[in-house]
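Participant: Dropping the structure in here first, questions after.
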Amino acid sequence: MDADLTMVLQHKAINRWRLFWLIAIPMSIVMVVETFSVDLTVAPGVTAMIAFSVRWAVPFIFLVVATSALQVLFPGPFPAWLLRNRKYIGLCFAVAMAWQGLFIFLMSNFHREFYFDEIYLLRDELEGSTGYIFLAAMVVTSFQFGRKSLSPKQWKLLHTSGLYFLWAYPFSVYWFDLFYYDNPQPIDYVFYWSGFIAFALRIAAWGKKRQHAAKKIALEYNTPLVFRVSGAAIIVFGLLLSATGLQWQDLATQFVTGPAWSANLSLWLPFWPFEPFWSLFFIGAGTMLVTKTRTQVEQEGLRSPAT
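Under the working numbering, the letters of the sequence shown match residues 791 to 1097, in that order.
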């Protein structure tokens, strides 16, 4: 079965540039067709196209975030196919974001009064602009002519930081749609949980790598019971936070932004005070404890008398 799936996923039509064109061209056609159903001469019509283009872009960035984790956790033909085509899936995200950029340009230049009265917020502007800067840099350095300007460490830092930021922006938007604003739409739930699962998979893959690294150090290792129990409890707490934002968001935000310096930060610092990410922070901390290992060598060292 895996051999048959591997053969199918190796077909040229669904790999590399052919996969990119297979997705990017129909997506662009849909964008053009959709513009005929709205009135771009008025601000609400442009706003609708901004939202429409974002909904095309988000699945691609979440998929890219999850790709390497899927290969670590569930190695097989499909994760291998995703990993092989991660660059091209990321470029499909860039195409969708280019369409969004076009509609934002139309809004900010031809509907300026509506834009500054109804949409503009400094922190949102900083988040969006930073995201586009990351995206442009990542696209350029995805090709050899751009990549040769960076060392391997610089390239990895850029793409890892950019990937996290580009994931964080839509994830935080859908978190607020669910846990702050009224009347969330079904698609908001789909995108929020997709983004959450994508990053949670990365945390799980990181934990698995920590365990494998410990095995390379010594054949025998263990995680102290207190770490396993406390780590599991923290993970459960993080999962609880991820689903109960309505119950704690308002009180927690008021508490964190109570000091004047914190309230000022919330006006311009992207994502501050980071409420959408608290649950994942706890899950990461719990995973670190659960996978904290004590090798046989360390145990013998603890039992040996001091010299």
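Glycine included, C-beta positions come from ideal geometry on N, C-alpha and C.
Rounded to whole angstroms, what's the CA-CA distance from A1022 to F868? Just pull it up for me.
Facilitator: 30 Å
Participant: Can you tell me whether F893 is buried or exposed, with buried defined as 16 or more other CB within 10 angstroms of its CB?
Facilitator: buried
Participant: On the DSSP letters alone, give me the boundaries of the alpha helix (DSSP H) that S939 sits inside.
Facilitator: Here S939 belongs to no alpha helix (DSSP H), and DSSP marks it neither H nor E.
Participant: With the cut-off set at 7 Å, would you say V855 and A988 are in Cβ contact?
Facilitator: yes
Participant: Does N973 come out as helix, strand or coil in the three-state DSSP assignment?
Facilitator: Of the three classes helix, strand and coil, the one that applies to N973 here is coil, per DSSP.
Participant: From G918 to Q1001, what distance separates their C-alpha atoms?
Facilitator: 37 Å
Participant: Find out if the Cβ-Cβ distance for the pair G997, T1077 is shorter than 7 Å.
Facilitator: yes
Participant: Under the three-state reduction of DSSP, which class applies to N899: helix, strand or coil?
Facilitator: helix
Participant: Is the beta carbon of A833 sitting closer than 7 Å to the one on F904?
Facilitator: Cβ atoms of A833 and F904: closer than 7 Å.
Participant: Using only the alpha-carbon positions, how far apart do W889 and V930 sit?
Facilitator: 18 Å
Participant: Who are the Cβ neighbours of E1065 in its own chain at under 7 Å, not counting the five residues just before and after it?
Facilitator: Q1039, A1042, T1043
Participant: Beta-carbon within less than 8 Å of F1017's beta-carbon, same chain only, minus the 5 sequence neighbours each way: which residues are those?
Facilitator: L1079, V1080, K1082
Participant: So, are the CB atoms of A838 and A886 less than 7 Å apart?
Facilitator: Going by C-beta atoms, A838 is not nearer than 7 Å to A886.
Participant: Count the C-beta pairs between the region 964-980 and the region 906-917 that are closer than 8 Å, then say yes if the count reaches three, no if not.
Facilitator: no
Participant: Just the Cα atoms here: how many angstroms apart are V836 and K1006?
Facilitator: So the two alpha carbons sit approximately 56 Å from each other.
Participant: Expressed to the nearest angstrom, what Euclidean distance is found between the alpha-carbon atoms of S941 and P976?
Facilitator: Approximately 43 Å between the Cα atoms of the pair.
Participant: Taking the alpha carbon of I879 as the reference point, which residue from V1019, S962, I851 has its own alpha carbon closest?
Facilitator: I851
Participant: Where A841 and L925 are concerned, what is the direct C-alpha to C-alpha distance, given to the nearest angstrom?
Facilitator: 18 Å
Participant: Once the 5 residues before and after F883 are set aside, which same chain residues still bring their CB inside 6 Å of it?
Facilitator: A847, F850, I851.
Participant: Taking the alpha-carbon positions, what's the R808 to S962 distance?
Facilitator: 32 Å
Participant: Which of the three DSSP states is assigned to N805 in this structure?
Facilitator: coil
Participant: Is it buried or exposed for L1092, if we count other Cβ within 10 angstroms and need 16 for buried?
Facilitator: Residue placement at L1092 cannot be trusted, given a pLDDT of 43 that sits under 50; the coordinates are not used to answer.
Participant: Within 10 angstroms of the Cβ of F986, are there 16 or more other Cβ atoms? Answer buried if so, exposed if not.
Facilitator: buried
Participant: If the criterion is Cβ atoms closer than 7 Å, does the pair P960 and L968 meet it?
Facilitator: no
Participant: Using the Cα positions of T1047 and S1056, report the straight-line distance between them to the nearest angstrom.
Facilitator: 8 Å
Participant: How many angstroms separate the CA atom of S827 from the CA atom of M821?
Facilitator: 10 Å
Participant: Is it right to say A995 is buried, meaning 16 or more other beta carbons lie within 10 angstroms of its own, or is it exposed?
Facilitator: buried
Participant: In whole angstroms, what is the alpha-carbon distance linking I1024 and S843?
Facilitator: Cα to Cα, the separation comes out at about 37 Å.
Participant: Which residues bound the alpha helix (DSSP H) around E915?
Facilitator: It spans 912-930 - the alpha helix (DSSP H) in which E915 sits, taken as one unbroken run.
Participant: With DSSP collapsed to three states, give me the class of W889.
Facilitator: Residue state for W889 is assigned as helix, using DSSP reduced to three classes.
Participant: Where I804 and Q861 are concerned, what is the direct C-alpha to C-alpha distance, given to the nearest angstrom?
Facilitator: 18 Å
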